[in-house]
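Engineer: Read left to right, the sequence shown gives residues 1 to 135 (the UniProt record's numbering).
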Amino acid sequence: SSEFAFYMICAGVVLVLSFVLFSERDFERMFSPIGENELSFESLMDVDLRERTQREGGRGKFSRALEGIAEGHGLSAREAEVFRYLAMGRGSDYIADKLQVSWNTARTHTHNVYVKLGVHSRQELIDLVDEAVRK
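1. Name the residue from Phe22, Arg107 and His73 whose alpha carbon lies nearest to the alpha carbon of Tyr85.
2. How should residue 159 be labelled, buried or exposed, when 16 other C-beta atoms within 10 angstroms of its C-beta is the threshold for buried?
3. Thinking just about the alpha-carbon of each residue, which of Glu131, Glu81 and Ser2 is nearest to the one in Thr110?
4. Which whole runs of the alpha helix (DSSP H) in the UniProt domain "HTH luxR-type" (68-133) are 4 residues long or more, in chain order?
5. Ignore the nearest five residues each way along the sequence and tell me which others in Tyr94's own chain have a CB closer than 7 Å to its CB.
6. Pull up the CB-CB distance for His73 and Leu125, whole angstroms please, since I reckon it's below 8 Å.
7. How many whole angstroms separate the CB atoms of Ala132 and Ala65, which I take to be in contact at a CB cut-off of 8 Å?
8. Return the first residue and the last residue of the alpha helix (DSSP H) that Gly60 is part of.
9. Within the continuous alpha helix (DSSP H) that includes Ser2, where are the two ends?
10. Using the beta-carbon count (16 or more within 10 Å), is Ala5 buried or exposed?
11. Report the residue from Val101, Lys98, Gly89 and Ser102 whose alpha carbon sits nearest the alpha carbon of Ser121.
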């Protein structure tokens, strides 16, 4: 148990030192692509999703489930976009950036999606999608 405490203290010291020694810009540079030919993690995920969708004949089970839920609950086109990001576990900051809207607008769309779907949490939304995918 004292060994565990020692490791936790060391991890905390490393974490504090990293925030003291590195600026936000340094962290961004550490986790962003080095050259123009190198892909970011985010773009790799988008490429993987596109490739998987193409392999599954254009629209996979996940896409069909999302479309069915969106149509069945009367989501607008923009709400359906927000719903897709929410179903993939994305938050308001990411959605606002991707859709090029303000954070408040992304939150409003998120609220509207939750109300129309009758869910109260991200987990309920994901459970709803998971159930639709299994059908």
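All C-beta atoms in this analysis are idealised placements derived from N, C-alpha and C, irrespective of residue type, glycine included.
Structural biologist: Here's the rundown:
1. In this structure, Arg107 is the residue among Phe22, Arg107 and His73 with its C-alpha nearest to the C-alpha of Tyr85.
2. Residue 159 lies beyond the residue range present for the chain, which begins at 1 and ends at 135; the question has no answer from this structure.
3. Of the listed residues, the one whose Cα sits closest to Thr110 is Glu81.
4. DSSP runs (the alpha helix (DSSP H)) wholly in the UniProt domain "HTH luxR-type" (68-133): 77-87, 92-99 and 103-117.
5. Listed in chain order, the non-local C-beta contacts of Tyr94 below 7 Å within the same chain comprise Tyr85, local neighbours out to five positions each way being set aside.
6. With a Cβ gap of about 11 Å, His73 and Leu125 do not count as contacting.
7. Confirmed, about 4 Å.
8. According to the DSSP assignment, Gly60 belongs to no alpha helix (DSSP H), since it is labelled neither H nor E.
9. DSSP places Ser2 in the uninterrupted alpha helix (DSSP H) bounded by Ser2 to Leu21.
10. When all chains shown are included, Ala5 counts as exposed.
11. Minimum Cα-Cα distance from Ser121 among the listed residues Val101, Lys98, Gly89 and Ser102 corresponds to Gly89.
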